[in-house]
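Please read the structure below before turning to the comments.
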Ligand code: SF4
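Chains as they are written, first to last, in the working numbering: chain A, 4 to 206; chain B, 74 to 539.
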């Protein structure tokens, strides 16, 4: 996984609640062979509304996406993350973010930041003011966002997630270090509840 | 110390703690599907890893399959995704519930139906509706594609332990009110992100009184209010429902299992991080009016007024009204319907089709209405046909299909057209999900049947009396 350390670029404001993954990555554009993930991102909203923020010239290459509550709820499709990374977005800032999406982001080197409502409001205002022309810097080691006016916003991230992102840790590799524990667990269950370790049509 | 049902399942599956603090939880049953399995299996190949337990892993062909009635006899071709699943699964020795197989169906429908899911067990599926199986008192994990790869490689999931919530459902449902109405009510009352971060246990007299298939319907929509998973304690009804199913243990193993399965319930005095009580006694059939599953009203209610919502949410509310082609204050009942879809992992089991058959038998679709019924699994299809339901439905003018996700998410191009109003027994009324610009209203199966027959959104109870 590509490590995440620091990122500088424009921030695109999608200031809506409950944006769901069906909108982020519509199904008809997500799953075919060699689906063009770059074009997938918000393809329906892009096609339906010329004023949609991603259609505006200043938001053609954002690095940060800013949204409100319950961002990326709904389907677990990881294409919602891939559609963003294909467009160069590596950081989501929102008031709250749906659980499955957060997990998917973490496994793709995408930083998710949840800001409390008052800080979020302040940040959103700066993003609107910057209007794609001025850049923000998200720095993970110091856990701060530096705004175009030089002000800094601190954010929380768990130590484990911070390490995973900074080092680009391979999630599967981490668990495979415990392979012996997994096998011991399986051996124990085979004794105690053999039906769980064997799944065949019996009748 | 008294424990919750969730904690009991978690601890029974805890392998160890990872150095980053995540718990490694063992997965008893893993069913993938055609949208995500090909990518994840390919990544396993590319990384040189192996599938740790192909014998506890299956893949169902559901999302991208055709629903044509002749598909099973017309060669097992299927979509490019279906073909890729076959090739890779064979390489790993993973059983595919393929087109034409007797066990084919939507992953969350067939897992329970085949008796794979036992109370207190764990299940993973790369699909947000994995939580369906919580209706049997089992714990589901919905994964993305990389997590799916993790399950393939390790037969575990590495998770931060979620918080717990209990929703006590009190009262007694009125006749004609179903599990679907209960979950729609829960979401509208507690909000589309009300359960974010939590595993929810649904409890109380309403949960206890529901039949097992209703519990599956209820738990299915746990993700629709953000829950990590949802479940209902198993009881004697659950055990009776599972007994004798193909993959369920038999003989001495069944007997040995029983004692443990009966322990999978929340102990008196166990505490939850949050608790809610919802009285369901006065509940009427529910229907969504908007573009998220929390925008719900009773069938006799009026489309709500923007002034009734928090000013910060007003723009989104107005957008939903506009998208749905509705005006605040108008009655929802009586709206003309273009398409009716009865299907999905939410509401396409045999008990659902029985409800539908009761309503449509001997009747005809209203003129101009297009209606589809797509069974949740091939087994449901056979059972329905054995009872002659296919004839009941097609005589009435419905299209009867082979099992798959179909129009739930616009699979295989089965969609409505812009501006059409669809009454659907599915779980998501998101914009564009059933086609660009399509207006979806979620209801239970009998309500959908009533809409098909009358051509408008209708209180099924009035129809039954008439
Ligand atoms: S029926 Fe619909 S909700 Fe269920 S698994 Fe298929 S696409 Fe997803």
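Positions of the beta carbon are idealized from the N, C-alpha and C atoms, including for glycine.
Every value quoted in this text rests on a predicted model; they were computed, and no experiment measured them.
> Can you list, in chain order, the residues of its chain whose CB lies under 6 Å from that of residue 131(A), leaving out five sequence neighbours each side?
Replying inline: So the qualifying residues of the chain are 16.
>> Between the region 420-427 of chain B and the region 388-405 of chain B, can you find at least three pairs of beta-carbon atoms closer than 8 Å?
In response: The region 388-405 of chain B is not in contact with the region 420-427 of chain B.
> Looking at chain B, which residues of the region 58-89 of chain A have a Cβ within less than 7 Å of any of its Cβ atoms?
Replying inline: Within the region 58-89 of chain A, the residues whose Cβ lies closer than 7 Å to some Cβ of chain B are 72, 73, 76, 77, 78, 79, 81, listed in chain order.
>> Going by DSSP, what residue range makes up the alpha helix (DSSP H) through residue 138(A)?
In response: In the DSSP assignment, residue 138(A) falls outside any alpha helix (DSSP H) and carries neither an H nor an E.
> Considering only C-alpha positions, which residue in the set 522(B), 401(B), 525(B), 327(B) is nearest to residue 188(B)?
Replying inline: The option with the nearest alpha carbon to residue 188(B) is 327(B).
>> Relative to the C-alpha of residue 146(B), which candidate in 175(B), 159(B), 387(B) has its C-alpha closest?
In response: Nearest Cα to residue 146(B) within the set 175(B), 159(B), 387(B): 175(B).
> Any chance the region 200-219 of chain B sits against the region 101-112 of chain A, with 3 or more Cβ pairs inside 8 Å?
Replying inline: Cβ pair count under 8 Å is three or more, so yes.
> Using CA coordinates, which residue listed in 163(B), 98(B), 157(B) is at the minimum distance from residue 84(B)?
Replying inline: Checked all of 163(B), 98(B), 157(B); the closest Cα to residue 84(B) is 98(B).
> Is the number of C-beta pairs between the region 375-383 of chain B and the region 476-487 of chain B that are closer than 8 Å three or more?
Replying inline: Contact between the region 375-383 of chain B and the region 476-487 of chain B is absent, because fewer than three Cβ pairs lie under 8 Å.
>> Contact defined as beta carbons within less than 8 Å: I believe residue 366(B) pairs with residue 501(B). What is the distance between those atoms, to the nearest angstrom?
In response: Under the criterion of beta carbons closer than 8 Å, residue 366(B) and residue 501(B) qualify as touching, at roughly 7 Å.
> Can you give the Cα-Cα distance for residue 144(A) and residue 234(B), rounded to whole angstroms?
Replying inline: As the crow flies, the alpha-carbon of residue 144(A) is around 25 Å from that of residue 234(B).
>> Is residue 490(B) close to the ligand SF4? I mean its beta-carbon at under 7 Å from any heavy atom of the ligand.
In response: Checking the 7 Å criterion, the Cβ of residue 490(B) is out of range of every heavy atom belonging to the ligand SF4.
> Quick check: the region 128-136 of chain B against the region 157-177 of chain B, are there 3 or more CB pairs under 8 Å?
Replying inline: With contact defined as three or more Cβ pairs closer than 8 Å, the region 128-136 of chain B and the region 157-177 of chain B are in contact.
> Residues of chain A with a CB under 8 Å from the CB of residue 326(B): which are they?
Replying inline: Around residue 326(B), the beta-carbon contacts reaching into chain A at under 8 Å are 197, 198.
> For residue 26(B), which beta-bridge partners are listed by DSSP?
Replying inline: Nothing in the structure corresponds to residue 26(B), since chain B is present only between 74 and 539.
>> Excluding the 5 residues flanking residue 157(A) on each side, which residues of the same chain have their C-beta closer than 7 Å to its C-beta?
In response: So the qualifying residues of the chain are 146, 147.
>> I'd like to know whether the C-beta atoms of residue 78(B) and residue 284(B) end up nearer to each other than 8 Å.
In response: Pairing residue 78(B) with residue 284(B) gives a Cβ-Cβ distance that is not under 8 Å.
>> Is residue 179(A) close to chain B? Criterion is C-beta to C-beta, closer than 8 Å.
In response: Closer than 8 Å: yes.
>> Taking 7 Å as the cut-off, is the C-beta of residue 482(B) nearer than that to any heavy atom in the ligand SF4?
In response: Yes - the ligand SF4 has a heavy atom lying nearer than 7 Å to the Cβ of residue 482(B).
> Can you list, in chain order, the residues of its chain whose CB lies under 8 Å from that of residue 250(B), leaving out five sequence neighbours each side?
Replying inline: Excluding positions up to five away in sequence, the list reads 353, 356, 357, 358.
> When DSSP labels each residue in this structure, what does residue 117(A) get in the three-state scheme?
Replying inline: Residue state, collapsed to three classes: strand.
>> Need the endpoints of the beta strand (DSSP E) that residue 94(A) sits in, please.
In response: Run containing residue 94(A): 94-97, per the beta strand (DSSP E) assignment.
> For the region 491-525 of chain B, which residues have a beta carbon sitting closer than 7 Å to at least one beta carbon of chain A?
Replying inline: Listed in sequence order: 501, 503, 504, 505, 506, 509.
> What is the residue span of the alpha helix (DSSP H) that residue 355(B) lies within?
Replying inline: Careful: residue 355(B) lies outside any alpha helix (DSSP H) and carries neither H nor E.
>> Is the beta carbon of residue 411(B) closer than 8 Å to that of residue 443(B)?
In response: In this structure, residue 411(B) lies closer than 8 Å to residue 443(B) by Cβ.
> So, do the region 316-331 of chain B and the region 197-209 of chain B have three or more beta carbon pairs nearer to each other than 8 Å?
Replying inline: A contact is defined here as three or more CB-CB pairs under 8 Å, and the region 316-331 of chain B fails this definition with respect to the region 197-209 of chain B.
> From this set, 419(B), 323(B), 299(B), 177(B), which residue's C-alpha is nearest residue 206(B)'s C-alpha?
Replying inline: Answer by Cα proximity: 419(B).
>> Check this for me: beta carbons of residue 290(B) and residue 503(B), under 8 Å apart or not?
In response: In this structure, residue 290(B) lies away from residue 503(B), with their beta-carbon atoms at least 8 Å apart.
>> Measuring alpha carbon to alpha carbon, tell me which residue in 100(B), 311(B), 413(B), 320(B) is nearest residue 206(A).
In response: Nearest C-alpha to residue 206(A) among 100(B), 311(B), 413(B), 320(B): 320(B).
> Helix, strand or coil: how does DSSP classify residue 88(B) here?
Replying inline: In the three-state scheme derived from DSSP, where H, G and I count as helix and E and B as strand, residue 88(B) is classed as strand.
>> Beta-carbon within less than 8 Å of residue 59(A)'s beta-carbon, same chain only, minus the 5 sequence neighbours each way: which residues are those?
In response: Scanning its chain for C-beta atoms nearer than 8 Å, with the 5 sequence neighbours on each side dropped, one finds around residue 59(A) the residues 135, in chain order.
> If you measure from the beta carbon of residue 236(B) to each beta carbon in chain A, is any gap under 8 Å?
Replying inline: It does not; no Cβ of chain A falls within 8 Å.
>> residue 268(B) and residue 294(B) - do their beta-carbons sit closer together than 8 Å?
In response: Against a cut-off of 8 Å, the Cβ pair of residue 268(B) and residue 294(B) comes out as no contact.
> Enumerated in chain order, which unbroken segments of the beta strand (DSSP E) with a length of 3 residues or greater are wholly contained in the region 449-518 of chain B?
Replying inline: DSSP runs (the beta strand (DSSP E)) wholly in the region 449-518 of chain B: 494-497, 512-515.
> Between the region 375-408 of chain B and chain A, which residues of the former have a C-beta closer than 9 Å to a C-beta of the latter?
Replying inline: Within the region 375-408 of chain B, contact with chain A at the beta-carbon level (separation under 9 Å) is assigned to 385, 386, 388, 389, 392.
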